[in-house]
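Worksheet: the structure to be examined is printed underneath.
There are 2 protein chains.
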Amino acid sequence: MGDLEKILIVICDGLGDRPVDEFKGKTPLQMAKKPTLNRIAREGICGMMYPIDVGIRAGSDTSHLAILGYDPYKLYTGRGPFEAAGVGLEVKGGDVAFRCNFSTVDENFVVVDRRAGRIKDGTAALAKALDGMEIEGIKVLFKESIEHRAVLVLRGNGLSPYITDADPHAENQKVHEVKPLKAEAELTARVVNQFVKESYRILSEHPVNRERESKGLPPANIVLPRGAGIVPHIPKVGELHRIKGAAITGIALVKGVCRVAGLDIIEVKGATGGLDTDMMAKAEAVVKALETYDLVFVNIKAPDICGHDGNAGEKVKVIARIDKAMEYVLKNANQNFVLALTADHTTPVSVKDHTGDAVPLAIHGRGVRKDSVRTFDEIACAKGGMGHILGKNLLPFLLQLTARSEKFGS
Amino acid sequence: MGDLEKILIVICDGLGDRPVDEFKGKTPLQMAKKPTLNRIAREGICGMMYPIDVGIRAGSDTSHLAILGYDPYKLYTGRGPFEAAGVGLEVKGGDVAFRCNFSTVDENFVVVDRRAGRIKDGTAALAKALDGMEIEGIKVLFKESIEHRAVLVLRGNGLSPYITDADPHAENQKVHEVKPLKAEAELTARVVNQFVKESYRILSEHPVNRERESKGLPPANIVLPRGAGIVPHIPKVGELHRIKGAAITGIALVKGVCRVAGLDIIEVKGATGGLDTDMMAKAEAVVKALETYDLVFVNIKAPDICGHDGNAGEKVKVIARIDKAMEYVLKNANQNFVLALTADHTTPVSVKDHTGDAVPLAIHGRGVRKDSVRTFDEIACAKGGMGHILGKNLLPFLLQLTARSEKFGS
Chain Y
2 MGDLEKILIV
12 ICDGLGDRPV
22 DEFKGKTPLQ
32 MAKKPTLNRI
42 AREGICGMMY
52 PIDVGIRAGS
62 DTSHLAILGY
72 DPYKLYTGRG
82 PFEAAGVGLE
92 VKGGDVAFRC
102 NFSTVDENFV
112 VVDRRAGRIK
122 DGTAALAKAL
132 DGMEIEGIKV
142 LFKESIEHRA
152 VLVLRGNGLS
162 PYITDADPHA
172 ENQKVHEVKP
182 LKAEAELTAR
192 VVNQFVKESY
202 RILSEHPVNR
212 ERESKGLPPA
222 NIVLPRGAGI
232 VPHIPKVGEL
242 HRIKGAAITG
252 IALVKGVCRV
262 AGLDIIEVKG
272 ATGGLDTDMM
282 AKAEAVVKAL
292 ETYDLVFVNI
302 KAPDICGHDG
312 NAGEKVKVIA
322 RIDKAMEYVL
332 KNANQNFVLA
342 LTADHTTPVS
352 VKDHTGDAVP
362 LAIHGRGVRK
372 DSVRTFDEIA
382 CAKGGMGHIL
392 GKNLLPFLLQ
402 LTARSEKFGS
Chain D
2 MGDLEKILIV
12 ICDGLGDRPV
22 DEFKGKTPLQ
32 MAKKPTLNRI
42 AREGICGMMY
52 PIDVGIRAGS
62 DTSHLAILGY
72 DPYKLYTGRG
82 PFEAAGVGLE
92 VKGGDVAFRC
102 NFSTVDENFV
112 VVDRRAGRIK
122 DGTAALAKAL
132 DGMEIEGIKV
142 LFKESIEHRA
152 VLVLRGNGLS
162 PYITDADPHA
172 ENQKVHEVKP
182 LKAEAELTAR
192 VVNQFVKESY
202 RILSEHPVNR
212 ERESKGLPPA
222 NIVLPRGAGI
232 VPHIPKVGEL
242 HRIKGAAITG
252 IALVKGVCRV
262 AGLDIIEVKG
272 ATGGLDTDMM
282 AKAEAVVKAL
292 ETYDLVFVNI
302 KAPDICGHDG
312 NAGEKVKVIA
322 RIDKAMEYVL
332 KNANQNFVLA
342 LTADHTTPVS
352 VKDHTGDAVP
362 LAIHGRGVRK
372 DSVRTFDEIA
382 CAKGGMGHIL
392 GKNLLPFLLQ
402 LTARSEKFGS
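If you're matching them up, the sequences are chains Y and D in order. First residue of the first sequence: 2, per the numbering used here; consecutive thereafter. First residue of the second sequence: 2, per the numbering used here; consecutive thereafter.
Now the structure itself:
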């Protein structure tokens, strides 16, 4: 399939918005200087997309799953598996995974600091001390993430994600005993309780914590798991559609979704997933990735951060930066490709969280029916030729546009 | 229901297209002279239709099933049943049916000519010699189709379509032994293998072949089945909706779908399903059929042929001919009717095969909400009042428009 067009999907995380008072009812997208995004809309076919379904408030994980062609209602049980895969643990179908905090407890297991003083250094050594143990025949994989965060993966027969959290989600409370929510989860609950106890036993004696205590810092003397989820047994995107795919994203959660979906993760120096992310470095990575991959999947987190912060002015600036990055990609890519420019959900600055509104969509490249949409925003795209689609519709549409689909029937 | 409006569904096969370079980015529909089609759009309500789902590349068979209200994912296992029904075999739910070639093999069962010299004459006599035999309690129905083509139907208990093809799909290869793909298909595989052997035994001695050989022509001395499919047990359209329906089409495959759906097939002299089809004869047949039927279903194959041929200029001409035929229908029909004008899939001349794009749709007749669409094409209809619908949505919409639906709830 060497000379088929490539597929580039650019997800501007949380890009969609609602009317903003300080913009006299316009959205950040309508306010932003974005000649390239407008060009993409003008030369392409536009529409609106409900990432999961009409009015459903999608998370970034569930939305990315849907956009990659999976049914999140069937395979999403929690964030754990995707966080774990995102920090680089090789998860397998059937594993049960957790997000964790390194925390500080007193001798009665009362939580003194849920984030262990937002510990930055030494967590790799702490994690290593916990990784690899076995409890009741269940293998324990453990790895540090950013700051006080970590991930736990349990591997073995008879695991279930239907358990309560050990993390009390508040300070001055005792560590919760994990309880099974279904009978099938009794083993898992026992293993997690045992792991939490072991983590206290091992970490409270660890040299990293001895040193912290000598400096007056709260020791990271326990691990508190939460958000159990089971890793789904799913076919990889590449196998399903016979394509070689890669993802570029600074966010562990999105990396995890893409890794579980079988995409290669391309690490980009300076792509932090924060407002300080180096968008041009990402754009360069996209241009390079298009040389070797059939599908390049990019997540740009910055608009979502502005949404959560309620910062409309910053969101406008971020959109202008995305525009520059897209200009670079269109100018410098040597391959023919079909581009889908959209978002994983709407994060309006007025709400500071994800909403169930549709997100704008523009598809650009050979073969698309150009419609009369002139600008890329939430109002103009609603009049586009694609109409309103769901997230799960996007990949099938792009696959047939690049001649990669089988015909159903004859 | 004597004074209810009739329903006329006109499927212009493969009508939808993509921007064409030689038309400076316009589609054949946008280029064609089509005052009547535009009038239908202008006076009606327009939209776009994904025959099966967004981005799914529909076949004509699966698409027609969907438009007639069935779920092709549930009942479509292969083309065989619809081809068999299309050439006039009375198929029944549970029958397993095949497309076949009359082929030429040598004495070692190596295929010398998959089409037996594209045999034209004598296949009816050859077919008759095979029709009606019984193998392991399974009844064999066999009928010739056009040229070297034929259809095979197996009837009896315990049949399954999950078998491999006898046809090696290439010359200089041995006839394949049919193998079951599931355990339940062992009987069917044995019966087909036996039928293939019997066909050789009977046909190689047949006078038609003796004569061919005397003329130096390759004998049609074997039958090679392929594309097994099970005939679905489905309620007829007429029973489901208490309507009397008829289909007008020159294509065996579409005839077959319509026959399985319980529509009467109206044969029209000169309606060939080719570019040479007599569209005015079809139009006259439509006018006549509207007198006696509640639902008239028409397929016009010609645009699809132009799409597969990559012939944009011819597609434009074909559209103008369809326009004339529709002008005749609108002028001469004495009955009130609601018209749905659409396609079963997009066959862009740039792709030469079916794609997963939406097709244009216009619904014309009493009760429809006129929108602002002025022309019938892929771009204009996307702004229409119907929005984007799926193929399965069309018949329910038309049934309620003509007051034929039950209310769901109160």
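For every residue, glycine included, the Cβ atom is placed at its ideal position computed from N, Cα and C.
In the DSSP assignment, find the unbroken alpha helix (DSSP H) run with residue i in it and report its ends.
i       : result
G388(Y) : Note, G388(Y): premise wrong, no alpha helix (DSSP H); beta strand (DSSP E) at 388-391.
H242(D) : 238-242
I203(D) : 187-204
Ignore the nearest five residues each way along the sequence and tell me which others in residue i's own chain have a CB closer than 6 Å to its CB.
i       : result
A412(Y) : Residue coverage of chain Y in this structure runs from 2 to 411, which leaves residue 412(Y) outside it and unanswerable.
L296(Y) : I8, I244, G246
P208(D) : none
R119(Y) : E148, H149
G3(Y)   : Its pLDDT being 49, under 50, G3(Y) is placed unreliably in this model, and the value from its coordinates should be taken loosely. Within the same chain, G3(Y) has no close Cβ partners at all.
G159(D) : L188
A126(D) : V209
Could you list which residues in chain D have their beta carbon closer than 9 Å to that of residue i, in chain order?
i       : result
E368(Y) : The question names Glu, but residue 368(Y) is Gly in the sequence shown. Within chain D, the residues near G368(Y) are R19, P20, P349, S351, V352, T356, D358.
Under a Cβ-count criterion, where at least 16 other Cβ atoms within 10 Å of its own Cβ denotes burial, should residue i be classed as buried or exposed?
i       : result
L182(Y) : exposed
R213(D) : buried
F409(D) : exposed
P415(D) : Absent from the model: residue 415(D). The displayed extent of chain D is 2 to 411, so no value can be given.
A303(D) : buried
D324(D) : buried
T343(Y) : buried
H170(Y) : exposed
N102(Y) : buried
H401(D) : First, the residue type needs correcting, since residue 401(D) is Gln and not His in the sequence shown. Per the 10 Å Cβ criterion, exposed.
Q31(D)  : buried
Who are the near neighbours of residue i in its chain, counting only those whose CB is closer than 7 Å to its CB and skipping five residues on each side?
i       : result
P52(Y)  : A59, S64, A67, I68, D345, H346, V360, G392
V193(D) : I164, A167, V179, P226
V1(D)   : Outside the displayed range of chain D (2 to 411) lies residue 1(D), so it cannot be described from this structure.
S200(Y) : L131, I223, V224
V154(Y) : A85, L90, V92, D96, A98, L142
I46(D)  : I364, V369, R370, K371, D372, G385, G386, M387
L284(Y) : A small correction: the amino acid at residue 284(Y) is Ala; Leu does not occupy that position in the sequence shown. A326, Y329, V330.
G123(Y) : V209
P349(D) : D18, R19, G308, T356
Counting only Cβ pairs nearer than 8 Å, list the residues of chain D close to residue i.
i       : result
K183(Y) : What K183(Y) touches in chain D: nothing, since even the nearest Cβ is about 32 Å away.
For residue i, I'd like the list of residues in its chain whose CB is within less than 8 Å of its CB, leaving aside the five on either flank, ordered along the chain.
i       : result
G228(Y) : G79, R80, G81, E84, F99, R100, D166
I235(D) : Y71, L76, G94, V261, A262
E407(D) : none
Go to residue i, then tell me how far its beta strand (DSSP E) extends in each direction, as first and last residue.
i       : result
T63(D)  : Note, T63(D): premise wrong, no beta strand (DSSP E); alpha helix (DSSP H) at 61-68.
K144(D) : 139-145
M49(Y)  : 46-51
V111(Y) : Per DSSP, V111(Y) belongs to no beta strand (DSSP E) and is neither H nor E.
N102(Y) : 97-106
C13(D)  : 7-13
F338(Y) : 338-343
R227(D) : 223-231
I249(Y) : 246-249
Note down, in chain order, every chain Y residue with its Cβ under 7 Å from the Cβ of residue i.
i      : result
T63(D) : F409, G410
G60(D) : K408, F409, G410, S411
M49(D) : G388
Closer than 8 Å by beta-carbon distance: list the chain Y residues that pair up with residue i, in chain order.
i       : result
I57(D)  : P397, Q401, S406, F409
G251(D) : Correct list: empty, because the minimum Cβ distance to chain Y is about 17 Å.
I53(D)  : F409
At least one CB of chain A closer than 8 Å to the CB of residue i: is that the case?
i       : result
K256(Y) : Among the protein chains in the structure shown, which are Y and D, there is no chain A.
At a CB-CB cut-off below 7 Å, which residues of chain D make contact with residue i?
i       : result
D372(Y) : I380, A383
Which bits of chain Y does residue i rub up against, with CB to CB less than 9 Å?
i       : result
G311(D) : Going along chain Y, no residue has its Cβ under 9 Å from G311(D), so there is no contact; the nearest lies around 14 Å.
G26(D)  : K371
P73(D)  : F409, G410
Problem - Selection of the region 383-403 of chain Y by Cβ proximity to chain D, strictly under 9 Å - result: Those would be K384, G385, G386, M387, G388, H389, I390, L391, K393, N394, L395, L396, P397, F398, L399, L400, Q401, L402, in chain order.
Problem - Within 8 Å of chain D by C-beta, residues of the region 75-108 of chain Y in sequence order - result: Per Cβ criterion, the list is empty.
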